[in-house]
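**Student:** Let me begin by handing over the structure; questions about it come next.
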Ligand SMILES: *Cc1c(COP(=O)(O)O)cnc(C)c1O
């Protein structure tokens, strides 16, 4: 048996830092939830976080999400945060709280079709490549509103907000500009009052920069390494 008690200490620290960032900021939303990004980590490690009281877990691979979904307690909310192939959508549409990584109409149409079959409505976030990095998935800032308008026409998906993955940086202040930009984009789109669209969720901030993201209005932060320690592979 591994000793995973360090996870409790990490969670204490993360929640302390979150509270500090939250209270010290000018943000308007009161919603803030920690997503425990548990990719590559064994169920025993996740259960340590679960027993601490954590209920939101994020995975980036369909197969791994399903395996953990099936073995872990049923009151967990699962978040699909990784790039999603259309042929795998059918396995997760009825198992996730949000799909964070929708960046094309084709993917949204597939989710809609599978959601209809399962008789569910799937809550999604639009992934925006705010920093314009070539290596990242996500729609550009300029194209986001048009994509939102197209996806909004689908009956079995519900757009709930935006998500971004900021660049890997040493100084989290370098990413503040991108978090501000995502928040501004979400306010712009909310102001358009598009049917079947709300912009209440802002999924931004990871281990290196979640405090800055919270200051800029994140409602979901995705923290992996800061809770579970380093991953052996990504
Ligand atoms: C892995 C991952 C995270 C967590 O990254 P850490 O730096 O370990 O906190 C957050 N979001 C996405 C989309 C990820 O793939």
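Numbering (the working numbering), first residue to last: 172 to 405. C-beta atoms are modelled at their ideal positions from N, C-alpha and C, and glycine is treated no differently.
Exposed or buried, residue 197, counting other C-beta atoms within 10 Å across all chains shown (16 or more means buried)?
**Tutor:** Exposed.
**Student:** The alpha helix (DSSP H) spanning residue 284 covers which residue range?
**Tutor:** Start and end: 276 to 289.
**Student:** Can you tell which of 269, 187, 246 has the C-alpha that lies nearest to the C-alpha of residue 225?
**Tutor:** Comparing Cα-Cα distances from residue 225 to each of 269, 187, 246, the minimum goes to 246.
**Student:** Between residue 248 and residue 268, how many whole angstroms is the CB-CB distance? I'm expecting something under 8 Å.
**Tutor:** Yes, residue 248 and residue 268 are in contact; Cβ-Cβ is about 4 Å, under 8 Å.
**Student:** Establish whether the CB of residue 335 and some CB of chain C are separated by less than 8 Å.
**Tutor:** The chain labelled as chain C is not found in the depicted structure, where only one protein chain is given.
**Student:** Does the stretch 310 to 324 come within contact of the stretch 334 to 349, defined as at least 3 CB pairs closer than 8 Å?
**Tutor:** Because the criterion of three Cβ pairs below 8 Å is not met, the stretch 310 to 324 and the stretch 334 to 349 do not touch.
**Student:** Which of the three DSSP states is assigned to residue 335 in this structure?
**Tutor:** It is coil, neither helix nor strand.
**Student:** Does the contact criterion of 3 or more C-beta pairs under 8 Å hold for the stretch 366 to 382 versus the stretch 343 to 352?
**Tutor:** Output reads yes: the stretch 343 to 352 touches the stretch 366 to 382.
**Student:** Using three-state DSSP, classify residue 397 as helix, strand or coil.
**Tutor:** DSSP places residue 397 in helix when its eight states are reduced to three.
**Student:** Just tell me which of 242, 237, 203 has its CA closest to the CA of residue 221.
**Tutor:** Selected option, being the one with the closest Cα: 242.
**Student:** Okay, do the stretch 186 to 200 and the stretch 359 to 366 touch, 3+ Cβ pairs below 8 Å being the bar?
**Tutor:** As far as the Cβ criterion goes, the stretch 186 to 200 does not touch the stretch 359 to 366, which means the pair count is below three.
**Student:** Quick check: does the Cβ of residue 309 come within less than 7 Å of any heavy atom belonging to ligand 1?
**Tutor:** Not so, every heavy atom of ligand 1 lies at least 7 Å from the Cβ.
**Student:** Since residue 228 sits in a beta bridge, which residues does DSSP pair it with?
**Tutor:** Paired residue(s): 207, 249.
**Student:** For a test of your reading of the model: does the CB of residue 218 fall under 7 Å from any non-hydrogen atom of ligand 1? Yes or no.
**Tutor:** Residue 218: no, Cβ never under 7 Å from ligand 1.
**Student:** What do you reckon, are the CB atoms on residue 238 and residue 178 nearer than 8 Å?
**Tutor:** Contact: no.
**Student:** Looking at ligand 1, does it come within less than 7 Å of residue 290, judged from the CB to the closest heavy atom?
**Tutor:** Checking every heavy atom of ligand 1 against the Cβ of residue 290, none is found closer than 7 Å.
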